[in-house]
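Some notes on the structure that comes next.
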Amino acid sequence: MRLLQIRNGQGERRIGMVNDQRIILLDGAKSIYELAQHALAAGTDLITTVKKCTSGHNLAYDDIYMGRSDWRILPAIDHPQEPGKCLVSGTGLTHIKSAQNRQAMHAADATPTDSMKMYEWGVEGGRPVQGAIGISPEWFYKGCGTILRAHGEPLEVPAYAEDGGEEPEIAGIYIIDVSGKPRRIGMAMGNEFSDHVVERKNYLYLAASKLMCCAIGPELVLDPQFQSVPGEVSIERNGKTLWHRQFRTGESAMSHSLANIEHHHFKHRGHRQPGDLHVHFFGADAFSFGEGIILEHGDQVQIQFEGFGRALRNPVVIDRSAQQLAAATPL
168 MRLLQIRNGQ GERRIGMVND QRIILLDGAK SIYELAQHAL AAGTDLITTV KKCTSGHNLA
228 YDDIYMGRSD WRILPAIDHP QEPGKCLVSG TGLTHIKSAQ NRQAMHAADA TPTDSMKMYE
288 WGVEGGRPVQ GAIGISPEWF YKGCGTILRA HGEPLEVPAY AEDGGEEPEI AGIYIIDVSG
348 KPRRIGMAMG NEFSDHVVER KNYLYLAASK LMCCAIGPEL VLDPQFQSVP GEVSIERNGK
408 TLWHRQFRTG ESAMSHSLAN IEHHHFKHRG HRQPGDLHVH FFGADAFSFG EGIILEHGDQ
468 VQIQFEGFGR ALRNPVVIDR SAQQLAAATP L
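Just so we're aligned, residue 168 is where the sequence shown starts under our numbering, counting upward by one.
Laid out in structure tokens, this is it:
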């Protein structure tokens with residue numbers, strides 16, 4: 168089952184269930200976050216809750232997806248009232264291509280680099296038997312819910328950034344229940360988008376390189392197949408395909424199991440605050456920067472994973488104005 172969040176020009180929000188070429192509107196909740204809260208309160212699963220909320224109204228998906236409707240697609244998940252209570256984070260070095268690209272960036276520093284060592288640790292100890300705890304993967308912070316962008320919205324490269332590069336990934340979407348237990352709402356396609364030029368200078372800049380906006384959606388899959396997921400990513404420039412790659416993600420393609428990634432994220436008490444949302448990226452196995460591509464203003468990035476609905480497309484917008492000093496003043 169796949170859901171979509173939309174909003175019209177008057178600010179009205181709706182949730183839709185994707186049914187081929189139509190979007191079946193849901194009643195009883197204006198956001199997937201609210202819908203998940205209803206399911207938790209009722210003690211039912213989310214799919215059952217969705218089925219109880221279906222209305223007799225539907226919309227044409229093509230018109231919304233192509234921007235021909237008054238309705239616009241929102242990020243696949245958000246915290247409508249308090250975006251600061253949505254934590255966006257990720258785990259890197261889960262795929263061999265990611266480790267190889269990091270190795271190439273910093274090959275002069277050490278052989279193998281710390282990045283390759285981290286990947287190899289995951290291969291050796293990141294897939295423990297059920298119920299056991301494996302080795303900790305890499306973890307990074309991206310921001311709060313204000314950095315989330317929807318299908319069709321620009322991915323901004325701010326004036327202080329040196330680059331903006333796509334990272335096609337799947338992200339897990341979670342809500343914390345009243346007892347502090349993480350509950351997986353589903354998964355969505357995402358473009359994790361990072362400043363690879365800054366990261367290449369020194370791997371200790373990795374944390375700073377991740378503090379960029381990112382895109383998720385357009386659809387949220389409630390019951391995803393995540394064992395082996397074919398994907399593809401392309402860069403379009405001036406209406407022509409500049410770069411294209413096919414790849415694979417999912418647990419069979421990763422050095423860490425989903426359960427191990429989730430444990431090491433949610434073992435922290437601060438990540439289990441009731442009512443909080445979490446968007447956690449699971450890593451990429453293809454990105455153009457590793458092949459010498461530098462994204463330019465106006466480029467279009469398209470990402471698609473089998474079983475995750477329609478492609479996620481976003482234009483790249485580069486702010487070329489002078490960087491402004493962000494000064495703190497005494498209170």
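We treat Cβ as the ideally placed atom computed from N, Cα and C, and that holds for glycine.
- Annotation for residue 345: 441 place their beta carbon closer than 6 angstroms to its own, counting only its chain and skipping 5 residues before and after.
- For the 8 angstroms CB-CB criterion, residue 245 and residue 198 form a contact.
- Taking each of 254, 458, 296, 348 in turn and checking the Cα distance to residue 309, the smallest one comes out for 254.
- The criterion of a C-beta distance shorter than 8 angstroms is satisfied by residue 466 and residue 404.
- Rounded to the nearest angstrom, the gap between the Cα atoms of residue 367 and residue 257 is 19 angstroms.
- In the DSSP assignment, the residues bridged to residue 481 are 468.
- Contact annotation: the region 404-415 does not touch the region 281-301, with fewer than three C-beta pairs closer than 8 angstroms.
- Beta bridge pairing from DSSP links residue 308 with 256.
- With 16 or more other CB atoms across the displayed protein chains lying within 10 angstroms of its CB, residue 324 is buried.
- A straight-line Cα-Cα distance of about 6 angstroms links residue 357 and residue 335.
- Residue 289 places its beta carbon 8 angstroms or farther from that of residue 419.
- For residue 209, same chain residues with a beta-carbon under 8 angstroms away, outside a window of 5 residues either side, are 216 in chain order.
- Only buried fits residue 332, as 16 or more other CB atoms lie within 10 angstroms of its CB.
- Taking C-beta separations shorter than 6 angstroms and ignoring five residues to either side along the sequence, the partners of residue 175 in its chain run 237, 238, following chain order.
- Contact annotation: residue 320 and residue 243 have beta-carbon atoms that are not nearer than 8 angstroms.
- The straight-line gap separating the alpha-carbon atoms of residue 349 and residue 341 is approximately 6 angstroms.
- Taking C-beta atoms as the reference points, residue 220 and residue 196 count as a pair closer than 8 angstroms.
- Comparing C-alpha distances from residue 314 to each of 438, 213, 241, 372 shows the shortest one belongs to 241.
- By a beta-carbon distance limit of 8 angstroms, residue 338 contacts residue 449. Their separation comes to about 7 angstroms.
- Straight through space, the alpha carbons of residue 457 and residue 227 are spaced by roughly 39 angstroms.
- Taking the C-beta atoms as reference points, residue 452 is found nearer than 8 angstroms to residue 414.
- A Cβ-Cβ distance of about 6 angstroms is found for the pair residue 225 and residue 192, placing them in contact under the 8 angstroms criterion.
- Assignment of beta strand (DSSP E) within the region 403-456, counting only whole runs of 3 or more residues, yields 407-416, 444-448 in chain order.
- Bounds of the alpha helix (DSSP H) holding residue 205 are 199-209.
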